[in-house]
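Colleague:
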Amino acid sequence: MSDYLSSSAESLEDRIRRRLTRQHFMHLIGADLTLIEPGRVEAELMLEQQHQQHSGFAHGGLVATMADLAAGFAAVTLVPEGQGVVTVELKTSYLHPGVGKKLRAVGWVLKAGRRLHFCEAEVWCDELLIAKATATMAVMDPSAKQVEQ
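Right under this line is the structure:
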């Protein structure tokens, strides 16, 4: 087992929580990670009026964002410290409208490769499965130039 996978769950959670400080969009929408395990992440968001589309359902872009967030952070749990991932493909199938109080996204890694991680995610509104997604995440080389602010 690789060194980055053999670390304790607490240090993995600390590492992921440290990365969350740079996830400004996640904070903007009000999402938070509620479970962090190697290859698996859960995120939750309390639905508010600003999350709704014109008919009062959770906006489809928000649902896709929650799937992307969960799949992406699931992939991040399997890369070494200093590396990250970016989404290169996301396919979301909407099964039901999101009407309720809370969105919960569950993401997991199907296959972790050297350059690509293949992931899936489910998004639940309260107790109803409203979306399924597949995602491909590219592992970022730590020497790649980052965008400066």
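All residue numbers for the sequence shown refer to the numbering used here, where the first residue is 725 and numbers rise by one. Every residue, glycine too, gets a C-beta built ideally from N, C-alpha and C.
Would you give the residue range spanned by the alpha helix (DSSP H) that residue 749 belongs to?
Modeller: 748–753 is the extent of the alpha helix (DSSP H) around residue 749.
Colleague: Apply the 10 Å Cβ neighbour rule to residue 765 and answer buried if 16 or more other Cβ atoms are within range, or exposed otherwise.
Modeller: Answer is buried; the Cβ neighbour count reaches 16.
Colleague: Cα-Cα, which of 752, 848, 836 and 773 is closest to residue 819?
Modeller: The shortest C-alpha separation from residue 819 is found at 848.
Colleague: Hey, is the segment 771–789 in contact with the segment 734–745, meaning 3+ C-beta pairs nearer than 8 Å?
Modeller: The segment 771–789 is not in contact with the segment 734–745.
Colleague: Taking just the CA atoms, how far does residue 752 sit from residue 839?
Modeller: Their backbone Cα atoms lie some 29 Å apart in a straight line.
Colleague: Assuming residue 844 and residue 860 are in contact, meaning their beta carbons sit under 8 Å apart, how far apart are those beta carbons, in whole angstroms?
Modeller: At roughly 11 Å, the Cβ-Cβ gap does not stay under 8 Å, so residue 844 and residue 860 are not in contact.
Colleague: Give me, in chain order, the residues of the same chain whose beta-carbon lies closer than 7 Å to that of residue 834; leave out the 5 immediate sequence neighbours on both sides.
Modeller: Excluding positions up to five away in sequence, the list reads 842, 843 and 844.
Colleague: Can you find the residues in the same chain that come closer than 8 Å, C-beta to C-beta, to residue 853, ignoring five residues on each side of it along the sequence?
Modeller: Correct list, in chain order: 819, 820, 846 and 847.
Colleague: So, using beta-carbon positions, are residue 862 and residue 809 closer together than 9 Å?
Modeller: A contact, by the Cβ cut-off of 9 Å.
Colleague: Please confirm whether residue 759 and residue 786 have their CB atoms less than 9 Å apart.
Modeller: Result no, Cβ atoms of residue 759 and residue 786 do not sit closer than 9 Å.
Colleague: Note down, one range per segment and in chain order, each alpha helix (DSSP H) of at least 4 residues found wholly within the segment 820–844.
Modeller: The qualifying runs do not exist here; there are none.
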